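Taken in sequence, the protein lines are chains A and B. So the first sequence is numbered by the numbering used here: it starts at 1 and just counts up by one. So the second sequence is numbered by the numbering used here: it starts at 118 and just counts up by one. We put the beta carbon where it would ideally sit given N, CA and C, even for glycine. Remember, predicted model here, so these are calculated numbers, not experimental data.
There are 2 protein chains.
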Amino acid sequence: MDVSADACCAPLVSQPLNEAETMELAPLFKALADPVRLRLLSLIASHEGGEACVCDLTVPFDLTAPTISHHLKVLKQAGLIESERRGTWVYYWINPEVLARMSALLGPATALTGSPA
Amino acid sequence: MDVSADACCAPLVSQPLNEAETMELAPLFKALADPVRLRLLSLIASHEGGEACVCDLTVPFDLTAPTISHHLKVLKQAGLIESERRGTWVYYWINPEVLARMSALLGPATALTGSPA
DNA sequence: TCTCTAATTTGACACCCATCTATGCAGCAG
DNA sequence: CTGCTGCATAGATGGGTGTCAAATTAGAGA
């Protein structure tokens with residue numbers, strides 16, 4: 001369900017990823033490998049209050065509601081966003097830890113923290 | 118051919134990406150949305166001398182040489198790696214700028230540089 | 001209860017993708 | 001030139017994916 005911390009922070013360039021790590025990380029990148037999902041994530045993350053209702057997210061696209069719902073589900077299953085229903089509307093917000101982990105993975109080999117013990 | 122600097126550094130969370138930006142960025146993430154390519158990139162990036170021969174890259178996988186060649190082509194077309202033939206062997210190395218741009222995109226809204234003027 | 005709206009789920013379809021085998025091309029050594 | 005090796009390309013195939021229309025669930029209100 002969640003991508004635990006074993007594939008956490010060591011940058012891609014500092015040491016070779018093993019097969020298990022890449023099999024955990026690849027779905028994260030796959031979730032972002034679509035223009036609509038990339039924009040959805042950005043819309044949610046930059047939305048006032050840090051969360052957005054689906055009704056806000058459907059408007060900017062020339063896509064049907066089911067399609068947006070599908071992309072939101074993909075992002076959620078990847079762990080990039082979370083959601084909650086409040087009355088009539090469903091709200092989505094991002095999981096900043098996952099984004100930070102991906103950023104660190106692609107980033108330069110800054111201050112390589114070897115795994116303790 | 119290249120992903121120019123117009124989708125450079127503004128983090129995903131600081132402002133909504135527009136459609137054009139996401140259509141440039143999505144192929145980058147798509148190139149990383151595969152365990153084999155993720156591992157290939159890491160193997161190349163962390164290899165001694167900053168470059169690796171295809172012969173080094175084929176060994177760690179239970180895949181045929183054409184498949185590895187295909188994945189390298191995908192990474193190259195995305196602009197993540199470059200290559201050169203030297204005699205019998207072909208060497209690959211990463212394009213650190215593209216990785217840095219992706220890292221910045223996913224990273225926190227550090228030192229948001231508003232557009233000048 | 002009935003109805004309206006918000007959002008998701010289902011099923012279908014066209015398209016894309018990872019992998020393989022077979023083939024082709026480039027360089028080195030006789 | 002001939003043969004061998006490293007690597008890429010071509011074609012085929014099984015599985016995955018983005019999209020939509022139609023149906024379904026969940027909540028608000030009369």
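Cβ-based burial, residue i [other Cβ within 10 Å; buried from 16]
i, result
"A:D34", "buried"
"B:G166", "exposed"
"B:L129", "buried"
Beta-carbon spacing of residue i, residue j below 8 Å
i, j, result
"A:L57", "A:L43", "yes"
"B:W206", "B:E168", "no"
"B:S131", "A:S103", "no"
"A:K76", "A:E84", "no"
"B:A143", "A:L38", "yes"
The alpha helix (DSSP H) enclosing residue i, as first and last residue numbers
i, result
"A:S14", "Where A:S14 is concerned, there is no enclosing alpha helix (DSSP H), given that its DSSP letter is neither H nor E."
"B:V171", "V171 to T175"
"B:L142", "E136 to L149"
"A:T67", "A65 to Q77"
"B:A217", "P213 to L223"
"B:A162", "P152 to A162"
Proximity test, Cβ basis, 8 Å: residue i and chain B
i, result
"A:S83", "no"
"A:V131", "In the structure as shown, chain A begins at 1 and stops at 117. Residue 131 of chain A is therefore absent and cannot be evaluated."
"A:T64", "no"
"A:S69", "no"
"A:L72", "no"
"A:K30", "yes"
Residue i, enclosing beta strand (DSSP E) - first and last residue
i, result
"A:E178", "Residue 178 of chain A is absent from the model: chain A starts at 1 and stops at 117."
Chain A contact for residue i (CB, 8 Å cutoff)
i, result
"B:E136", "yes"
"B:V207", "no"
"B:A169", "no"
"B:G204", "no"
"B:L223", "yes"
Near-chain A residues of the stretch 152-163 of chain B (beta-carbon distance less than 7 Å), N- to C-terminal order: Answer in chain order: P152, L155, R156, L158, S159, L160, A162 and S163.
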